[in-house]
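Report on the structure given below.
In our numbering, the protein residues as written are 254 to 342.
Here is the structure:
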């Protein structure tokens, strides 16, 4: 059975947060390394692209353009590492 396309703003935000949380859960060491070495987006590029592609495939184009996924990456992945000792803060 094909996945239904999400056309509801709250559900799209929830999906974005869930995908970002999975990235954070399975890549903690890589995230820490990327933030410490100021190469976060290069180091996690594949995971972020894969997550963004999944999000794009599950929501309407209008909801995708609202950048919920990118905001979720900041909120669920980067901000949760605020206590990390790094020069980029």
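We put the beta carbon where it would ideally sit given N, CA and C, even for glycine.
> What does a CB cutoff of less than 8 Å around residue 278 pick up in its chain, not counting 5 residues either side in sequence?
Replying inline: none
> Quick one, which of 289, 285, 326 and 282 has its alpha-carbon nearest residue 303's?
Replying inline: 326
>> So for residue 259, helix, strand or coil by DSSP?
In response: strand
> Do residue 319 and residue 273 have their C-beta atoms closer together than 8 Å?
Replying inline: no
> Which value, in whole angstroms, describes the spacing of the CA atoms of residue 283 and residue 297?
Replying inline: 7 Å
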